[in-house]
Amino acid sequence: MNYEAIIGLEVHAQLLTKTKIFCGCSTEFGAPPNTHTCAVCLGMPGVLPVLNRKVVDYTIRMALATNCTIARESRFARKNYFYPDLPKGYQISQYELPIAEHGHVFIEVNGNRKRIGITRIHMEEDAGKLIHDPYRPVSIVDFNRTGVPLIEIVSEPDIRTSEEAGAYLRQLRAILRYLEICDGNMEEGSFRCDANVSVRPVGTDTFGTRTELKNMNSFKHVENALAYEIRRQKAIIEDGGKVVQETRLWDPDKGVTASMRGKEEAHDYRYFPDPDLLPLVIDEGWVEEIRSTLPELPDEKQARFIEAYEIPSYDAQVLTSSRALADYFEACVKRFPSPKTVSNWVMGSVLGALKAENKTIEESPVPPERLAELLRLIDSGVISGKIAKTVFDEMVSSGKPPETIVQEKGLVQVTDADAIADAVKQVLADHAKEVSDYKAGKTKLFGFFVGQVMKATRGKANPKMVNEILKRMLEG
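Set out below in structure tokens:
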């Protein structure tokens, strides 16, 4: 029997406000434990929360960017549960009346475009952080994160594969970063995800028993955890067993999910409207004011890149994966108007160098104007494409302009026809047997001769001239 997975994702995104959602404490990451706290975020008796307007602004931005309907009136609620990192004994969130609902985004997997629905987006405060002592059975708590503003983005159960889940998360993260309201750092927990997954026979409408997956702090972990869980549930059903509703943790070292706690029924959080916070009323003027400030979003930019620059869809998808990378590409194209050439270099050498150094495009040691200078040297015939790779590596390590590197290392391309002809003659003389084989029909040896000439000229010979002269001498 064929099965399909039903996946829904709950994404928490930490908003890039300077202060917390209901008090004036800093949201800066990495401060000493329990230094960014006050009576409000610690839930002391007699204190009152005051809503941070910037949190609402940022949430509306995300709601508009994901095609949600924004509620004219929404309410905060108390979500009651007890845990050591929750000082009040409840979390201020939204429940029955969230700020935004009924949105969607589009993803692309293997060339297929798909619409993924968004059930709701709501605001809430984060909890603290438990730190477990590796040597003693002791946990300590850091309340710095308590009260940091979050939005929770809940998807419809429209996702069918782990690859689609990864694409959806990358799309959400790209939108958040384009809007400059979340840095999307999964390792630091500012962008995190829980997944609900079940399987059912293809063609049926009834959902299977779902499990909830936690402890996934990278896109790859999410994809691997879902793929494993889908296989696990299929195997249980095919063996005649029943999937148990539970919460499971992903173990990236072992590549398996393990049971964390049973979940026979959904938790009863005893939600009720927070009596300390008034209903939030948003008029159309507020929404339109924010709409007017929205940037060009990833899908729009990708479509424009394909049309304006005539580059493949894959290139456009990679180049628009972040706003900064798209800006880098366009800055380079402005100086060297050959989009596909620029795209190849950005996706290849530039991103490769950044990955090796674990840097972002904003930290690139080769700014767009320097890359454009290098491409002009190739285009004008000063250096070959092969030599350009060497020059680029030197630009990365030294920070020097390409012209300086070419002059210092004597890398100017040889375009003297007589000099190239002499090198070709010497190569053919040194490889008489290969010449005979070539003339006997082994024409694939042509590439061998080109390589030998380039080796003899230390890669400096103009490749086009090498090909022309070689062809003439071999077939003459």
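Residues 575 to 1050 (the working numbering) are what the sequence shown spells out, left to right. Ideal Cβ positions, reconstructed from N, Cα and C, are used throughout, including at glycine.
Contact under 7 Å by Cβ, residue i with residue j
| i | j | result |
| --- | --- | --- |
| residue 597 | residue 720 | no |
| residue 1026 | residue 1001 | yes |
| residue 667 | residue 698 | yes |
| residue 1052 | residue 722 | The structure shown does not extend to residue 1052, since the chain is modelled only from 575 to 1050, so the question has no answer here. |
| residue 695 | residue 644 | no |
| residue 905 | residue 875 | no |
| residue 957 | residue 914 | no |
| residue 962 | residue 994 | no |
| residue 1009 | residue 1043 | no |
| residue 872 | residue 894 | yes |
| residue 591 | residue 629 | yes |
| residue 577 | residue 808 | yes |
| residue 736 | residue 786 | no |
| residue 939 | residue 973 | yes |
| residue 581 | residue 712 | no |
| residue 898 | residue 935 | yes |
Residue from the options whose Cα sits closest to the Cα of residue i
| i | options | result |
| --- | --- | --- |
| residue 833 | 847, 965, 843, 818 | 818 |
| residue 966 | 926, 895, 629 | 926 |
| residue 976 | 864, 902, 959, 994 | 959 |
| residue 836 | 949, 783, 774 | 783 |
| residue 611 | 599, 603, 620, 617 | 599 |
| residue 918 | 931, 903, 928, 908 | 903 |
| residue 773 | 1040, 914, 811 | 811 |
| residue 846 | 944, 651, 586 | 651 |
| residue 725 | 849, 586, 739 | 586 |
| residue 795 | 753, 744, 808, 604 | 744 |
| residue 1003 | 806, 595, 945, 1023 | 1023 |
| residue 544 | 887, 980, 581, 1040 | Examination of residue 544 is not possible in this model, given that the chain is present from 575 through 1050 alone. |
| residue 922 | 603, 909, 945, 665 | 945 |
| residue 627 | 992, 604, 804, 864 | 864 |
| residue 653 | 765, 849, 575 | 849 |
| residue 605 | 621, 711, 676, 762 | 762 |
| residue 1046 | 676, 1020, 891, 882 | 1020 |
| residue 579 | 844, 911, 739 | 739 |
| residue 623 | 603, 1018, 595, 607 | 595 |
| residue 989 | 954, 981, 1006 | 954 |
| residue 882 | 1040, 912, 932 | 912 |
| residue 1005 | 1033, 1048, 964, 816 | 1048 |
| residue 700 | 964, 892, 1032, 663 | 663 |
| residue 970 | 992, 942, 996, 867 | 942 |
| residue 867 | 684, 755, 575 | 755 |
| residue 757 | 603, 801, 813 | 603 |
| residue 680 | 710, 815, 862, 877 | 877 |
| residue 753 | 896, 910, 1017, 924 | 896 |
| residue 996 | 1030, 709, 981 | 1030 |
| residue 844 | 1041, 665, 593, 619 | 665 |
Integer-rounded CB distance, given that residue j should sit under 8 Å from residue i
| i | j | result |
| --- | --- | --- |
| residue 821 | residue 799 | Contact doesn't hold; Cβ gap of about 12 Å is too wide. |
| residue 632 | residue 589 | 5 Å |
| residue 583 | residue 767 | 6 Å |
| residue 928 | residue 649 | Incorrect: roughly 45 Å between the Cβ atoms, too far for contact. |
| residue 625 | residue 949 | Wrong, their Cβ atoms sit about 51 Å apart, outside the cutoff. |
| residue 642 | residue 617 | With 8 Å as the limit, residue 642 and residue 617 do not qualify as a contact, their Cβ atoms being about 31 Å apart. |
| residue 991 | residue 1039 | 6 Å |
Cβ of residue i within 7 Å of any chain D Cβ
| i | result |
| --- | --- |
| residue 947 | No chain D appears in this structure, which consists of one protein chain only. |
>> Taking contact to mean 3 or more Cβ pairs, one atom from each stretch, closer than 8 Å, check whether the segment 689–702 and the segment 730–749 are in contact.
In response: Enough Cβ pairs lie closer than 8 Å, so yes.
> So does the segment 821–837 actually touch the segment 789–796, counting three or more Cβ pairs closer than 8 Å?
Replying inline: In short, these stretches touch, since the Cβ pair count reaches three.
> If we count Cβ pairs, one from each stretch, closer than 8 Å, do we get three or more for the segment 707–725 versus the segment 853–861?
Replying inline: No, the segment 707–725 does not touch the segment 853–861.
> Does the segment 653–664 come within contact of the segment 699–712, defined as at least 3 CB pairs closer than 8 Å?
Replying inline: In this structure the segment 653–664 lies against the segment 699–712, because at least three pairs of beta carbons, one per stretch, are closer than 8 Å.
> Which ranges would you report for the beta strand (DSSP E) in the segment 666–714 if only whole runs of at least 3 residues count?
Replying inline: Fully enclosed beta strand (DSSP E) runs of 3 or longer: 674–683, 686–699, 703–706.
> Is the segment 664–673 close to the segment 774–786, with three or more CB pairs under 8 Å?
Replying inline: Verdict: no, contact absent.
>> Under 8 Å: do the segment 627–645 and the segment 745–759 share three or more Cβ pairs, one atom per stretch?
In response: With contact defined as three or more Cβ pairs closer than 8 Å, the segment 627–645 and the segment 745–759 are in contact.
>> As an exercise, report each continuous beta strand (DSSP E) stretch of at least 3 residues that is fully enclosed by the segment 612–654, in chain order.
In response: Taking only runs of at least 3 residues, the beta strand (DSSP E) segments lying wholly in the segment 612–654 are 651–654.
>> Going residue by residue through the segment 860–905, where are the continuous beta strand (DSSP E) segments of at least 3 residues, counting only ones entirely within it?
In response: As far as the segment 860–905 is concerned, it has no whole beta strand (DSSP E) run of at least 3 residues.
> Fully enclosed by the segment 918–1003, which alpha helix (DSSP H) runs are 4 residues long or longer?
Replying inline: Fully enclosed alpha helix (DSSP H) runs of 4 or longer: 925–931, 942–953, 959–972, 976–983.
>> So within the segment 809–848, which uninterrupted alpha helix (DSSP H) runs reach at least 4 residues, ignoring any that extend past its ends?
In response: Correct list: empty.
>> Runs of 3 residues minimum, wholly inside the segment 743–801: which ones carry the beta strand (DSSP E) assignment?
In response: As far as the segment 743–801 is concerned, its whole beta strand (DSSP E) runs of at least 3 residues are 765–775, 785–788.
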